[in-house]
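Chains A and Z, in that order, are what the protein sequence lines are.
Our numbering numbers the first residue of the first sequence as 3 and each following residue consecutively.
Our numbering numbers the first residue of the second sequence as -13 and each following residue consecutively.
Yeah, the Cβ is synthetic: ideal placement off N, Cα and C, and Gly gets one too.
None of these values were measured; they are calculated from a predicted model.
Worksheet for the structure shown next.
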Amino acid sequence: MADTDPPRYVVSGADLSLSNQGQLELLHEMMRRGLPLRMPVRGSSMAPCIRDEDVVTVAPMDQEDPRVGQVVAFITPSLGRLALHRVISRSAEGWVVRGDGCLEADGVVTRDAMLGRVTRVERNGREVRFGEGRMGASIAWLSRTGLLLGLRSVQRTPRRLAAAVLRRLQDQRLYRTLGRRWRLRVEIFEAGEPDLQSVRRWLDTEDSGPEASRPGDLAVKDWVAKHRSKVVGSVQLVFFSNVHLEWQGYWLFSLNVRRRYRGLGIGEALTARVAEEARAQGATELLLVVSEGNEPAVRLCRKCGYTQTVVEALEPIFQAEKASHGRRRIVMRRRLDGGT
Amino acid sequence: MNAGIPLNTICSPSEDVVSREIEGEIIIVPLVAGIGDADDELYTLNETGRAVWRRLDGQRTLGDIVAALALEFDAGYSELEADVLGFAAAMIERGVLSVKD
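Below, the structure is given as structure tokens:
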């Protein structure tokens, strides 16, 4: 389509995020009209056949019933959400459906709740196999018998071992020193909505959009660290402007770095960016909350100039948390005006 | 660019798109080779676009829509006329609206 006119009246889909319910409604409409829909996948319940951010084409079922082994789009019986999972068996009331990577089946899905079947999967612009035909029937059998998860557990063993080795390495000074050079390819950007969506998917907070319940006296600015175009870290600067709040002021929130990118100075760089912005906004100090037992995080904070402090109003909350979860959080403060 | 669209034009959503109001937004999915593309080609409309889109019933002319909006909104007639014609031009160019003969 021509794009000569500035998009004054339209907003492109890239800036639009449909919720699961929105996707469900749209798919419902397309299937009702007998038209296939190409749509992005969120979540990894069908991994490795269908992965997060793959693009699937869902076609109407017409008059045909679903077949065992097919991947179908359906409304989950428990929550009424849209899901794409594999039919693993037939029952008297309908079809038993389960994600290839899920511990449990979704239950019995009736014909009315079946919306369409997946006919094509694309990954990074290329069509990929996703266990169709006889392969699909075999995967369904393995899933039914519980062998699929057993096989996946064996398949994941080398990965788990590698993760354990990586964690050990990340504690080593040499790894961190060498990593600083490599980190040069990681850049920090102020986060746009697509970045925030990536962060929510990664941290599995898809349904808790940041704007959902934000009060008027709260200002938030987000940054992400990217390696090539992949989001590998994120952080927020939150300003509580209400002077009547005991925790009024500037706070560093939600510092996260993907596990395999830790120990490379990304957390430190994100923290520095937040301090820089807070200082630019006139802050004299920056506060953050961290779990006392999270030693790497506390170590990072100390290294960045934060010292432990107490915000009296938050203490009862932290004590109650410790009583119920066994974890104690603490407040740390960094002066930005040169004081101590 | 809307100079060429007369006010007596009747527009309606093209057969090459599927539209639906979802979560307060009008979602428009163009059909590419008979397949709706919600990955690359999804559109939604801004406030002006929504107000016009809801009145595209295949009967009313663009001029009728301008008049209806002028009654409803506290905005100048010429401003509304420019907005409606601008919207129609942009949508026709994108293949989202078609002109009724």
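**Item:** Assigned secondary structure, C306(A) (DSSP; H/G/I helix, E/B strand, else coil)
**Value:** It is coil, neither helix nor strand.
**Prompt:** If you follow the beta strand (DSSP E) that E7(Z) is part of, which residue opens it and which one closes it?
**Reply:** Bounds of the beta strand (DSSP E) holding E7(Z) are 3 to 8.
**Message:** Tell me which residues share the same chain as A49(A) and place their Cβ nearer than 6 Å to its Cβ, disregarding the 5 neighbours each side in the sequence.
**Reply:** G103
**Request:** Mark T5(Z) as exposed unless 16 or more other C-beta atoms lie within 10 angstroms of its C-beta, in which case mark it buried.
**Result:** Correcting the residue type first, residue 5(Z) is Ser in the shown sequence and not Thr. By the neighbour-count rule (16 or more Cβ atoms within 10 Å), S5(Z) is buried.
**Bridge-paired residues (DSSP) for S91(A)** = V98(A)
**Item:** Span of the beta strand (DSSP E), counted from its first residue to its last, around F255(A)
**Value:** 251 to 259
**Prompt:** In chain A, what lies closer than 7 Å to E9(Z) by C-beta?
**Reply:** Taking a Cβ-Cβ cut-off of 7 Å, the neighbours of E9(Z) in chain A comprise S21, G24, given in sequence order.
**Prompt:** Are the C-beta atoms of L39(A) and some chain Z residue less than 7 Å apart?
**Reply:** yes
**Against chain A: residues of the stretch 11 to 26 of chain Z by CB proximity under 9 Å** = E11, I13, I14, V15, P16, L17, V18, G20, I21, G22, D23, A24, D25, D26
**Message:** Tell me the residue span of the alpha helix (DSSP H) that contains A327(A).
**Reply:** Checking the displayed sequence, the identity of residue 327(A) turns out to be His instead of Ala. Bounds of the alpha helix (DSSP H) holding H327(A) are 317 to 327.
**Asked** Hey, M41(A) and G118(A) are a contact pair by Cβ (cut 8 Å); roughly how many whole angstroms apart?
**Response** The pair is not a contact, with the Cβ atoms about 10 Å apart (cut-off 8 Å).
**Request:** Keeping to the same chain, check which residues put their C-beta closer than 7 Å to that of G265(A); ignore five residues upstream and five downstream.
**Result:** Q172, Y177, R178, G181
**Neighbour list for R6(Z) in chain A, Cβ cutoff strictly below 8 Å** = The contacting residues are E27, L28, E31.
**Asked** Which residues, in chain order, does the stretch 174 to 205 of chain A contribute to contact with chain Z at a C-beta distance below 8 Å?
**Response** none
**Item:** Classification of Y263(A) by the beta-carbon crowding that lies within 10 angstroms, buried from 16 upward
**Value:** Looking at its Cβ environment, which holds 16 or more other Cβ atoms inside 10 Å, Y263(A) is buried.
**Contact with chain Z by V57(A), beta-carbon distance below 7 Å** = At least one chain Z Cβ lies under 7 Å of V57(A).
**Item:** Among V111(A), F320(A), G133(A), V43(A), nearest to W97(A) - alpha-carbon criterion
**Value:** V111(A)
**Message:** Using the three-state DSSP reduction, which class does L17(Z) fall into: helix, strand or coil?
**Reply:** strand
**Message:** Given a cut-off of 7 Å on the beta-carbon distance, is the pair V333(A) and L289(A) in contact?
**Reply:** yes
**Request:** Determine contact between the stretch 238 to 247 of chain A and the stretch 289 to 298 of chain A, defined as no fewer than three beta-carbon pairs at a distance below 8 Å.
**Result:** No contact exists between the stretch 238 to 247 of chain A and the stretch 289 to 298 of chain A.
**Where P(-8)(Z) sits in the DSSP three-state scheme** = coil
**Item:** Whole-angstrom distance between R40(Z) and A299(A), CA atom to CA atom
**Value:** Each residue's CA atom was taken as its position, placing A299(A) and R40(Z) some 53 Å apart.
**Item:** Below-7 Å beta-carbon distance, P62(A) vs any chain Z residue
**Value:** It does not: the Cβ of P62(A) has no partner Cβ on chain Z nearer than 7 Å.
**Request:** Evaluate the contact criterion for the stretch 65 to 77 of chain A versus the stretch 133 to 147 of chain A: three or more CB pairs, one atom per stretch, below 8 Å.
**Result:** yes
**T59(A) burial status per 10 Å Cβ neighbour count (16 or more: buried)** = T59(A) is buried by the Cβ-count criterion.
**Prompt:** What separation, rounded to the nearest whole angstrom, lies between the Cα atoms of R304(A) and R336(A)?
**Reply:** When rounded, the distance between both Cα atoms is 9 Å.
**Message:** Taking the straight line between their C-alpha atoms, what separation do you get for I90(A) and R83(A)?
**Reply:** 19 Å
**Chain-ordered chain Z contacts of R35(A) [CB-CB under 7 Å]** = Those within 7 Å of R35(A) in chain Z are V4.
**Request:** Give a yes or no on whether 7 Å exceeds the smallest Cβ distance from P160(A) to chain Z.
**Result:** no
**Segment contact, 8 Å Cβ cut-off, at least three pairs: the stretch 197 to 204 of chain A with the stretch 224 to 239 of chain A** = yes
**Item:** For S293(A), three-class secondary structure by DSSP
**Value:** strand
**Prompt:** Does the beta carbon of P42(A) come closer than 7 Å to any beta carbon on chain Z?
**Reply:** yes
**Request:** Answer yes or no: do L39(A) and G35(Z) have a C-beta to C-beta separation smaller than 7 Å?
**Result:** no
**Request:** Return the Cβ separation of L71(Z) and I(-9)(Z) in integer angstroms, given the expectation that the two are a contact with Cβ distance under 8 Å.
**Result:** 5 Å
**Message:** Just to confirm my understanding: we take G3(Z), look at its own chain, exclude 5 residues before and 5 after, and list those with CB closer than 6 Å. What are they?
**Reply:** In the sequence as presented, Gly is not what sits at residue 3(Z); that position holds Val. Excluding residues within five positions, the ones whose Cβ falls inside 6 Å are I14, P16, V82.
**Message:** Please give the ranges of any beta strand (DSSP E) in the stretch 161 to 196 of chain A, keeping only runs that are unbroken, at least 3 residues long and fully inside the region.
**Reply:** 188 to 192
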